[in-house]
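Below is one structure, written out as structure tokens; the observations come after it.
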Amino acid sequence: MSHQFTEEYASEQDRNDSLSSFRDQFIFPVTEGRPALYFTGNSLGLQPVKAKEYMLKEFEDWARYGVEGHTQARMPWLPYHEFFSKSLAAIVGARQTEVVAMNGLTTNLHLLMVSFFRPRGKRTKIICEAKAFPSDQYALRSQLRFHGLDPDEHLIEIQPDPETELIDEAKIYNAIEANRDELALLMMGGVNYYTGQYFDIPGITKAVQDAGAIAGWDLAHAAGNVLLQLHDW
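Residue numbers (this note's numbering): 401 to 633.
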């Protein structure tokens, strides 16, 4: 397929997109009488048309039941996270018993690393991508300090090409091999939030596991955008 950098070509692709009708399910901010061209969904997504309806139902149940809404609301609040298991599992290619909807990104990263980042002996280092999502960077450095380790010494950041801003995946594999005896954890974004680069998740995961370390992935910008098969990987 020959891609063209023109407005006409982009409009044609939109018209031929079998998923284009989903656009109508979101509310676009209007600027000078025209719907905005919205490219910041990675920061805050557009409001779904039905969001207000769903929220009002919860407010109604809150008013009607008070604390009893935990068990008596139309969608009881106590097991609320379980209502999302089926759809989340489908999006990330996992079993329903392997996913849970909870908290925010940074909190979840810390909870994961408290469980799986256990530096012992020489295995104290973490590999990550340079220019990762800021939440990842903050959490990684905090976890190293929590264990009494200097992030400048124990955090290995894989640098992108200065011209393309993309990371040569060979650098990742080389870093894993070069640090295989000291590596405790690799934590990367499946899709880089800034460049959109999609990393070889199964291949990198296998390389990390073969080195005797844990592979962790922040999939906040990958889930729903690329095909994931986490159970198989």
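Cβ atoms here follow ideal geometry from the backbone N, Cα and C, with glycine treated the same way.
State the DSSP-derived secondary structure class of residue i, mapped to helix, strand or coil.
{"i": "Leu-585", "result": "strand"}
{"i": "Val-492", "result": "helix"}
{"i": "Arg-415", "result": "helix"}
{"i": "Lys-457", "result": "helix"}
{"i": "Thr-605", "result": "helix"}
{"i": "Tyr-594", "result": "coil"}
{"i": "Glu-557", "result": "strand"}
{"i": "Val-499", "result": "coil"}
{"i": "Gly-445", "result": "coil"}
{"i": "Ile-572", "result": "helix"}
{"i": "Trp-617", "result": "strand"}
{"i": "Thr-431", "result": "strand"}
{"i": "Ala-451", "result": "helix"}
For residue i and residue j, I'd like the C-alpha separation in whole angstroms.
{"i": "Leu-630", "j": "Arg-495", "result": "9 angstroms"}
{"i": "Ala-622", "j": "Asn-416", "result": "24 angstroms"}
{"i": "Lys-450", "j": "Pro-429", "result": "16 angstroms"}
{"i": "Ala-607", "j": "Tyr-573", "result": "7 angstroms"}
{"i": "Gln-597", "j": "Asp-568", "result": "10 angstroms"}
{"i": "Thr-431", "j": "Tyr-438", "result": "11 angstroms"}
{"i": "Leu-549", "j": "Gly-521", "result": "12 angstroms"}
{"i": "Thr-440", "j": "Thr-564", "result": "21 angstroms"}
{"i": "His-554", "j": "Pro-479", "result": "40 angstroms"}
{"i": "Thr-406", "j": "Arg-464", "result": "54 angstroms"}
{"i": "Tyr-593", "j": "Leu-444", "result": "12 angstroms"}
{"i": "Lys-531", "j": "Ser-421", "result": "34 angstroms"}
{"i": "Leu-628", "j": "Lys-452", "result": "30 angstroms"}
{"i": "Ile-604", "j": "Arg-474", "result": "43 angstroms"}
{"i": "Glu-412", "j": "His-470", "result": "48 angstroms"}
I think residue i touches residue j, with their Cβ atoms under 8 angstroms apart; what is that distance to the nearest whole Å?
{"i": "Asp-424", "j": "Phe-533", "result": "Not really, about 30 angstroms apart at Cβ, beyond 8 angstroms."}
{"i": "Ile-427", "j": "Gln-447", "result": "5 angstroms"}
{"i": "Ile-526", "j": "Leu-540", "result": "6 angstroms"}
{"i": "Gln-644", "j": "Met-513", "result": "Residue 644 is absent from the model: the chain starts at 401 and stops at 633."}
Using CA coordinates, which residue listed in the options is at the minimum distance from residue i?
{"i": "Ser-515", "options": "Ala-611, His-547, Arg-434", "result": "His-547"}
{"i": "Met-486", "options": "Trp-477, Tyr-594, Thr-497, Ala-615", "result": "The residue you asked about is not Met; residue 486 is Lys in the sequence shown. Residue Thr-497 is the option with its Cα nearest to Lys-486."}
{"i": "Asp-610", "options": "His-510, Phe-422, Leu-511, Ala-578", "result": "Ala-578"}
{"i": "Arg-523", "options": "Gly-445, Phe-439, Ile-556, Thr-507", "result": "Ile-556"}
{"i": "Leu-505", "options": "Trp-477, Asp-536, Ala-613", "result": "Asp-536"}
{"i": "Leu-585", "options": "Thr-564, Ala-436, Ala-613", "result": "Ala-613"}
{"i": "Asn-651", "options": "Trp-633, Ala-620, Leu-628, Asp-632", "result": "The structure shown does not extend to residue 651, since the chain spans only 401 to 633, so no value can be given for it."}
{"i": "Phe-517", "options": "Glu-408, Val-500, Met-587, Glu-407", "result": "Met-587"}
{"i": "Ile-576", "options": "Ile-558, Pro-519, Val-467, Leu-419", "result": "Ile-558"}
{"i": "Ile-601", "options": "Val-492, Glu-412, His-470, Pro-519", "result": "Val-492"}
{"i": "Leu-566", "options": "Val-467, Phe-599, Asp-552", "result": "Phe-599"}
{"i": "Ala-615", "options": "Gly-624, Asp-561, Pro-560, Leu-509", "result": "Leu-509"}
Inside the segment 502-530 only - alpha helix (DSSP H) runs reaching at least 4 residues | 505-516
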